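Report on the structure given below.
In full-length UniProt numbering, the protein residues as written are 1 to 580.
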């Protein structure tokens, strides 16, 4: 009530002018608490919608943003900087995500449902009432927001709860070592011992003998007993193990039958892999997966990375054979780098995996494999004030939009935007298994806003990300902002880093995921759910995960992920052939 009266009587503009006067005249910073008191009055007034609108109309964003720039270098002025940051973030005009709909780009008809629809989808009545502002609802909602608005700002690791103690003596935990070998075993030693044992014994399934590090050519495999296909569910052919898994294991005879079927599946895959060079596949009848190796030239990379595109331009070209020859030489040169991983074996299994998006490409880390990190890496020590700097940088977009580009460079909903862009921007790709990037917008020359895709048949769950980026420059910090996260807070505020995989590093003998990223912050942004875009719950806010990366090589192909990716195809490879 007091805030509304202050707005109606014109006090908000007077408070802004009064604050400006104190800011300009308090050169020695002797009256910090008076200046902060004026800011707290503005903070309470902007808790209501009318106060925020009046604040924007009075150029409050520009006034506070300009004044706070003089306070960032002095730590004694942190109370003022923190309060200004809270006011600016709260008054930043809300807007929906730059998407036609926030529902997933992929959908799958569920059995028994005529029409798949998320229960949290808004109706037409909700759309009509979305713009109406109810006074009491606004006040109650803002009271809740004001209590939690600082939850994600300047998180202090030292304020975390101490690690809970054990609920039993440590000696009693020894009985569980057999169930949790990762707590006591050195798996690198076990892997080396297991590898030596595997070399000295025959396969129990009487499969064709092959070295665990043998890597045939990258040609597509074809076998009369196993019909290969892409991951698209529209093509004919069934999963070779699908019928076997449907057999109920109720008798020993059925168990033996299932075991023989699984062994047969392993035999089919291994034979198909070893016979890869014995068959020539008709490009017009089938499709090969396209791994993503290192590009030395753009044209060379395009032929490797997306051969079907080249074939569509020139159907009579020998792109497939050229791609296979290049991949064969690449594999022969670098074979044996990854223990218990065979690229052609992974391709064979991936061809049997059905996917709703009908993926046709393999991410290079999944195809090539990776080694474990050589050493443990400590949590990233966060620099003080990095989060509020990012928030203020977002406010700068609203106040000083002159340097903004705003160009869409990748969009799975609009394939035309997914083509290689201009030389002064990165190229993104995520149409592979476990990949999750829906849209990429170039904000500035070296800054990109990224939007993750929701889970299938939903309009939520955007936390996971895994995508490819290429065309980078050396020694240039690129900033990435994932703007549609949902969690209230994240471990990225406590020292966690994302993981990165470099193709150049892999081909130089260091094929591994490693922790990367600096200036990492996670905070609430100005985007919100819109019922008109299928956002469901009204008033729901999104969060931004921002990080900066200097890539290790120029014109490299790198993959960024929330954590170490583990695809369904990788799991099936381990189940079918554990020695891999």
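Where a beta carbon is used, it is the ideal one built from N, C-alpha and C, also for glycine. The model shown is predicted, which means the values in this text are computed figures rather than measured ones.
Residue environment for residue 466: buried (at least 16 other C-beta atoms within 10 angstroms of its C-beta). If you check the CB distance, residue 468 and residue 430 come in under 8 Å.
Per DSSP, residue 500 is one residue of the beta strand (DSSP E) stretching across 498-502. Here residue 558 is bridged, per DSSP, to 469 and 502. Under DSSP, the beta-bridge partners assigned to residue 450 are 440 and 482. In the three-state scheme derived from DSSP, where H, G and I count as helix and E and B as strand, residue 573 is classed as helix. The secondary-structure analysis by DSSP pairs residue 549 across a beta bridge with 478. The residue from 455, 511, 522 and 568 with its alpha-carbon nearest to that of residue 108 is 455. Excluding five sequence positions before and after residue 80, the CB atoms of its chain that fall closer than 8 Å to its own CB belong to 32, 35, 36, 39, 68 and 71, given in chain order. Distances from the alpha-carbon of residue 494 to those of 552, 519, 475 and 368 put 519 closest. For residue 7, the enclosing alpha helix (DSSP H) begins and ends at 2-8. Counting C-beta pairs closer than 8 Å gives fewer than three between the segment 371-387 and the segment 398-406, which falls short of the contact rule.
Rounded to whole angstroms, the Cβ separation of residue 522 and residue 489 is 7 Å, and the two are in contact under 8 Å. Residue pairing by DSSP places residue 95 opposite 527 in a beta bridge.
Within the same chain, Cβ atoms closer than 7 Å to the Cβ of residue 19 are found at 35, 38 and 39, the five residues on either side in sequence being excluded. Under a 10 Å Cβ-count criterion, residue 487 is classified as exposed, with fewer than 16 other Cβ atoms of the shown protein chains found around its own Cβ. Under the three-state reduction of DSSP, residue 456 is assigned to coil, being neither helix nor strand.
Shortest Cα-Cα distance from residue 63 to any of 51, 87, 49 and 48 involves 87. For the pair residue 96 and residue 528, the CB atoms are nearer than the 8 Å cut-off.
In the DSSP assignment, residue 409 falls outside any alpha helix (DSSP H) and lies within the beta strand (DSSP E) extending over 407-411.
The residue among 543, 436, 517 and 563 with its C-alpha nearest the C-alpha of residue 525 is 543. By the Cβ neighbour-count rule, residue 511 is buried, with 16 or more other Cβ atoms within 10 Å of its own. Under the 10 Å beta carbon count, residue 347 is surrounded by 16 or more other beta carbons and is classified as buried. In the DSSP annotation of this structure, the continuous segment of the beta strand (DSSP E) that includes residue 514 starts and ends at 514-516.
Bridge pairing for residue 359: absent [DSSP]. The DSSP-derived three-state label of residue 180 is coil.
For residue 427, no alpha helix (DSSP H) encloses it; the enclosing beta strand (DSSP E) starts and ends at 427-429. DSSP lists 546 as the bridge partner or partners of residue 521. Taking C-beta separations shorter than 6 Å and ignoring five residues to either side along the sequence, the partners of residue 370 in its chain run 511, 512 and 513, following chain order. In the DSSP assignment, residue 343 falls within the unbroken alpha helix (DSSP H) covering 343-350. Along the segment 45-117, the alpha helix (DSSP H) occurs as fully enclosed runs of 4 or more residues at 49-57, 60-68 and 78-91, listed in sequence order. A distance below 8 Å separates the beta carbons of residue 433 and residue 567. Note that the C-beta distance between residue 364 and residue 503 is below 8 Å. Residues 412, 413, 438 and 453 of the same chain have their beta carbon placed closer than 7 Å to that of residue 105, with the five preceding and five following residues left out of the count. In this structure, the straight-line span from the alpha carbon of residue 24 to that of residue 66 is close to 12 Å.
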